[in-house]
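Q: Sequential numbering from 14 applies to the sequence shown in this note's numbering. The beta-carbon is built from N, C-alpha and C at its ideal position, and this holds for glycine as well.
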Amino acid sequence: MQTERLLNTFLSYAQIGSESTHEGAVAARIAEDLRAAGCQVSVDESGARTGSETGNLYCTLPGNAPGEPILLAAHMDTVVPGAGVKPVLQDGIIRSGGDTVLGGDDKSGVAAIVEVLRTVVEEGLPHPTIEAVFTVCEEIGLLGSQNLDYGRITAKKAAVLDGDGDAGRIIIGAPGQDKLEATITGRRAHAGVAPEEGISAIQVAAEAISRMKLLRIDGETTANVGAISAQYATNIVPEVLTLAAEARSRDSGKLDRQSGHMVDCLRSACEKYGAKLDVSLTRAYDAFSYGEDDPFVREVVAACHRAGLEPQLDVTGGGSDANNMNAHGIKALVLSTGMAKVHTVEEELEVRNLENTARLVLALVTGQGA
Ligand SMILES: [Zn+2]
14 MQTERLLNTF LSYAQIGSES THEGAVAARI AEDLRAAGCQ VSVDESGART GSETGNLYCT
74 LPGNAPGEPI LLAAHMDTVV PGAGVKPVLQ DGIIRSGGDT VLGGDDKSGV AAIVEVLRTV
134 VEEGLPHPTI EAVFTVCEEI GLLGSQNLDY GRITAKKAAV LDGDGDAGRI IIGAPGQDKL
194 EATITGRRAH AGVAPEEGIS AIQVAAEAIS RMKLLRIDGE TTANVGAISA QYATNIVPEV
254 LTLAAEARSR DSGKLDRQSG HMVDCLRSAC EKYGAKLDVS LTRAYDAFSY GEDDPFVREV
314 VAACHRAGLE PQLDVTGGGS DANNMNAHGI KALVLSTGMA KVHTVEEELE VRNLENTARL
374 VLALVTGQGA
């Protein structure tokens, strides 16, 4: 492994802006680097469905040793503001120039995977078939992994390099998420002259929301109303209101119950006041959860030890490409890369963590120390 090259790869990818849907330039650069390293590279046709200027990027390095194929994954897109990133390295920590995110989320993962692939080829290390995917549009709803061409992937286990916290943190469980969108239609009336003829959509929504269990429901379940929209003059009884909410749980039964409860609150308030309810409830992605004794979890834990890292098993409240992969029959865990203060212009990445991430992945794919 060449730590200097790893750092330079990260710094150069970070400078290629790739806000969600604008991943074309960075994808071209990653593909070029992977081909030069001796990997087979292809791109899918998902752009029309994700809205990205490129598809997801796939890479295969055929195995030269026995073992089940393994998939490595990271996303190419960043949140905004992510154009014109000028990374600054100081005292072992990389930050942006202060006016953009750094994009360590998730170029730390991308750079680590590229360095691992380069290293196994150059050093002729034994490895099973290694597949890698670099997705688009993760930050705007996991769209890339939702539209992956899963037929191109043979691996049944995956390390998704997209977690915050120090290298060695392994995410073995994450919630599924439901999206709820509702429109409440009451009846418009003059608020001063004939209020009894009106049905206030705002009043209906207020009553529904006041009855909802929200925020922290239990250790693995959360819920939140994020948007309410209705704008009328004060002399008009408001007719139409739209609302957007979410629920998450690592337990799919609890998720069904929480989402059902929120819909029930809306429905009963609408019935009480005679308002009409249009509601759509969609499962954005499914939950996943593995135990400490799961064979792949043990494999990653063992790789941590070989790489000199203290493994730390954890669960998260957020979603990632791993959720979609798990829903498609690939056992996917999320590995932390050291990215910190993500989605802010104070985002940072310790060089030590970047190197440790690559060491861990190298140990995982080769079954050796690193
Ligand atoms: Zn990410």
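(1) Between which two residues does the beta strand (DSSP E) containing C72 stretch?
(2) How about E359 and G351: are their beta carbons less than 8 angstroms apart?
(3) Determine the DSSP secondary structure at H203, reduced to helix, strand or coil.
(4) Which of helix, strand or coil does DSSP assign to L294?
(5) Does DSSP put N160 in a helix, a strand or coil?
(6) For P75 and H140, I'd like the C-alpha separation in whole angstroms.
(7) Starting from the N-terminal end, write out each residue whose C-beta falls within a distance shorter than 5 angstroms of any non-hydrogen atom of ligand 1.
(8) For the beta strand (DSSP E) containing N237, name the first residue and the last one.
(9) Check whether chain C comes within 8 angstroms of R108, counting only Cβ atoms and requiring the distance to be less than that.
(10) Tell me, to the nearest whole angstrom, how far the beta carbon of G181 is from that of Q325; I am working on the premise that it is less than 8 angstroms.
(11) Using CA coordinates, which residue listed in T63, Y298, G176 is at the minimum distance from N337?
(12) What's the gap between the Cα of G95 and the Cα of Q28?
(13) DSSP state of R263, grouped into three classes?
(14) My output table needs one value for Q381: the three-state DSSP class, helix, strand or coil.
(15) Find the nearest neighbour of G304 within the set T34, L256, I184, judged by alpha-carbon distance.
(16) Would you check if the distance between the CB atom of G176 and the CB atom of S31 is smaller than 8 angstroms?
(17) Nearest-angstrom Cα distance between D191 and M225?
(18) Among N339, A260, S281, whose alpha-carbon lies nearest the alpha-carbon of L294?
(19) Given S213, which residues of its chain have a CB within under 7 angstroms of its CB, disregarding the five upstream and five downstream residues?
(20) Can you tell me which of the three DSSP states D179 falls into?
(21) With distances taken from CA atoms, which of E144, R62, T132, D118 is nearest L70?
(22) Report, in whole angstroms, the separation of the C-beta atoms of N237 and A204, which I expect to be a contact under 8 angstroms.
(23) Please report the distance separating the alpha-carbon of E210 from that of S242.
(24) Would you mind stating whether R62 and N160 have Cβ atoms separated by less than 8 angstroms?
(25) What are the uninterrupted segments assigned as alpha helix (DSSP H) that are 4 or more residues long and contained completely in the region 76-136, given in chain order?
(26) How long is the line joining the alpha carbons of D179 and E323, rounded to whole angstroms?
(27) Give me the residue from R165, Q103, D277 with the minimum Cα distance to V217.
(28) Counting C-beta neighbours from all protein chains within 10 Å, is the total for I118 16 or more, i.e. buried, or is it exposed?
(29) Opposite K289 in the DSSP bridges: which residues?
(30) Could you have a look at T22 and say whether DSSP puts it in helix, strand or coil?
(31) How should Q271 be labelled, buried or exposed, when 16 other C-beta atoms within 10 angstroms of its C-beta is the threshold for buried?
(32) Would you report the Cα separation of H341 and S223, rounded to the nearest angstrom?
(33) V101: buried (16+ other C-beta within 10 angstroms of its C-beta) or exposed?
(34) Could you pull out every unbroken alpha helix (DSSP H) segment of at least 4 residues lying fully inside the region 298-329, listed in chain order?
(35) Can you give me the C-alpha to C-alpha distance between C72 and L130, rounded to a whole angstrom?
A: Here's the rundown:
(1) Looking at the DSSP string, the run of the beta strand (DSSP E) that includes C72 is 70-74.
(2) Going by C-beta atoms, E359 is not nearer than 8 angstroms to G351.
(3) If DSSP states are grouped into helix, strand and coil, H203 belongs with the strands.
(4) Strand.
(5) Of the three classes helix, strand and coil, the one that applies to N160 here is coil, per DSSP.
(6) Spanning the two alpha carbons is a distance of roughly 9 angstroms.
(7) The answer, residue by residue, is D118, D119, D175.
(8) Per DSSP, N237 belongs to the beta strand (DSSP E) from 234-242.
(9) Of the protein chains in the structure, only one exists, and it is not chain C.
(10) Confirmed, Cβ separation roughly 6 angstroms.
(11) Here the closest residue by C-alpha is Y298.
(12) Distance between the alpha carbons of G95 and Q28 is about 9 angstroms.
(13) Of the three classes helix, strand and coil, the one that applies to R263 here is coil, per DSSP.
(14) Collapsing the DSSP output to three states places Q381 in coil.
(15) Residue I184 is the option with its Cα nearest to G304.
(16) Cβ atoms of G176 and S31: not closer than 8 angstroms.
(17) Cα-Cα distance, rounded: 15 angstroms.
(18) It is A260.
(19) Once the five neighbours on either side are set aside, the close Cβ partners of S213 are G199, V250, P251.
(20) Per DSSP, reduced to three states, the secondary structure at D179 is coil, with no helix or strand assignment.
(21) Comparing Cα positions, the closest option is E144.
(22) Actually they do not touch by this definition, with Cβ atoms about 30 angstroms apart.
(23) When rounded, the distance between both Cα atoms is 22 angstroms.
(24) Cβ atoms of R62 and N160: closer than 8 angstroms.
(25) Taking only runs of at least 4 residues, the alpha helix (DSSP H) segments lying wholly in the region 76-136 are 117-135.
(26) Taking the straight line from one Cα to the other gives about 10 angstroms.
(27) Minimum Cα distance to V217 is reached at D277.
(28) Position check: residue 118 holds Asp in this sequence, whereas Ile was assumed. Buried: at least 16 other Cβ atoms inside 10 Å.
(29) Partner(s): T198.
(30) Looking at T22 - three-state DSSP - the assignment turns out to be helix.
(31) Here Q271 is buried: its Cβ has 16 or more other Cβ atoms, across all protein chains shown, within 10 Å.
(32) Rounded to whole angstroms, H341 to S223 spans 37 angstroms at the Cα level.
(33) With fewer than 16 other beta carbons inside 10 angstroms of its own, V101 counts as exposed.
(34) Runs of the alpha helix (DSSP H) spanning 4 or more residues and lying entirely within the region 298-329 occur at 308-319, in chain order.
(35) So the two alpha carbons sit approximately 10 angstroms from each other.
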